[in-house]
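**Q** Sharing a structure with you now.
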Amino acid sequence: MFKHLREDIQSVFHRDPAARNAFEVLTCYPGMHAIWLHRFAHILWRNGWKWLARLVSNFGRWMTGIEIHPGARIGRRFFIDHGMGIVIGETAEIGNDVTLYQGVTLGGTSWNAGKRHPTLEDGVVVGAGAKVLGPFTVGAGAKIGSNAVVTKAVPAGATAVGIPGRIIVKSDDETEARRKVMAEKLGFDAYGVSADMPDPIARA
Numbered sequence: 009m010f011k012h013l014r015e016d017i018q019s020v021f022h023r024d025p026a027a028r029n030a031f032e033v034l035t036c037y038p039g040m041h042a043i044w045l046h047r048f049a050h051i052l053w054r055n056g057w058k059w060l061a062r063l064v065s066n067f068g069r070w071m072t073g074i075e076i077h078p079g080a081r082i083g084r085r086f087f088i089d090h091g092m093g094i095v096i097g098e099t100a101e102i103g104n105d106v107t108l109y110q111g112v113t114l115g116g117t118s119w120n121a122g123k124r125h126p127t128l129e130d131g132v133v134v135g136a137g138a139k140v141l142g143p144f145t146v147g148a149g150a151k152i153g154s155n156a157v158v159t160k161a162v163p164a165g166a167t168a169v170g171i172p173g174r175i176i177v178k179s180d181d182e183t184e185a186r187r188k189v190m191a192e193k194l195g196f197d198a199y200g201v202s203a204d205m206p207d208p209i210a211r212a
């Protein structure tokens with residue numbers, strides 16, 4: 009338990025330059041509080057204490073603005089930056105060293121009781137406001153741009169941007185330059201928006 013706590017704190021220092029010391033992380037990072045409460049709720053869930061697990065989860069949402077279903081499986085060194093408005097569904101699976109920014113939804117697209125939420129493999133980064141919807145896999149090291157809506161699998165190392173999500177696959181050396189040009193055109197920014205994203209207000 010304490011080993012995982014130390015890992016969590018170190019993961020903040022590695023991914024947030026604003027973090028100054030361990031005490032600040034322990035007391036002032038709601039993403040960490042949400043993760044720690046989820047781990048407790050998940051233990052309760054796995055041991056059949058479903059209602060109590062949901063109660064702990066609901067308290068975590070009230071305290072942090074982050075909703076993580078106690079059934080979700082989350083790996084080590086998971087980092088939620090800023091955090092407000094994040095939703096992680098019951099059958100979501102998250103690997104190690106994954107980063108989510110504010111406003112992310114890992115949701116479902118059906119009423120089926122089985123697997124209906126995405127699986128994020130190790131090292132995935134999901135930008136602010138992105139929606140990842142459905143029972144598919146986002147491969148290791150993939151990135152999902154801010155405000156993207158992704159409803160299909162993303163290969164390992166690829167980037168998904170836009171609405172609907174378009175896949176930019178990591179290519180070999182001969183086409184790397186072209187890939188970089190395309191990536192710059194479409195853009196990946198954990199906080200910003202894609203340059204060609206339609207304006208919902210203008211369309212209203």
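Okay, so the sequence shown: first residue is 9 according to this note's numbering, each after it adds one.
Where a beta carbon is used, it is the ideal one built from N, C-alpha and C, also for glycine.
#1: Checking 8 Å against the spacing of the C-beta atoms, do Ile-17 and Ala-26 come in under that value?
#2: Quick one: what's Gly-145 bridged to in DSSP?
#3: Taking Val-157 as the reference, which of Leu-63, Ala-148, Ala-164, Gly-116 has the closest Cα?
#4: Can you tell which of Thr-127, Ser-154, Asn-55, Gly-39 has its C-alpha closest to the C-alpha of Lys-139?
#5: Can you tell which of Gly-83, Asn-55, Gly-39, Thr-159 has the C-alpha that lies nearest to the C-alpha of Glu-101?
#6: I need the straight-line Cα distance from Gly-111 to Ile-152, nearest angstrom please.
#7: How is His-22 classed by DSSP in three states: helix, strand or coil?
#8: Quick check: what's the CA-CA separation for Arg-14 versus Glu-129?
#9: So what does DSSP say about Thr-99, is it helix, strand or coil?
#10: Could you give the distance in angstroms between the alpha-carbon of Gly-135 and the alpha-carbon of Phe-87?
#11: When the Cα of Ala-225 is compared with those of Gly-93, Gly-137, Ala-164, which residue comes out closest?
#12: So what's Thr-117 in DSSP terms, helix, strand or just coil?
**A** A quick look at the data gives this:
#1: At a Cβ-Cβ threshold of 8 Å, Ile-17 and Ala-26 do not count as neighbours.
#2: A small fix is needed here, since residue 145 is Thr in this sequence, not Gly. Note: Thr-145 sits in a beta bridge opposite Thr-127.
#3: Comparing Cα-Cα distances from Val-157 to each of Leu-63, Ala-148, Ala-164, Gly-116, the minimum goes to Gly-116.
#4: With distances taken between CA atoms, Lys-139 lies nearest to Ser-154 out of Thr-127, Ser-154, Asn-55, Gly-39.
#5: Ranked by Cα distance from Glu-101, the options Gly-83, Asn-55, Gly-39, Thr-159 are led by Gly-83.
#6: Within the model, the alpha-carbon separation for Gly-111 versus Ile-152 is close to 13 Å.
#7: In the structure shown, His-22 sits in a helix (DSSP, three-state: H, G or I).
#8: So the two alpha carbons sit approximately 22 Å from each other.
#9: Shown here, Thr-99 sits in coil according to DSSP, grouped into three states, outside any helix or strand.
#10: Taken atom to atom, the span from the alpha-carbon of Gly-135 to that of Phe-87 is near 12 Å.
#11: Nothing in the structure corresponds to residue 225, since the chain is present only between 9 and 212.
#12: Three-state DSSP puts Thr-117 in coil, outside helix and strand.
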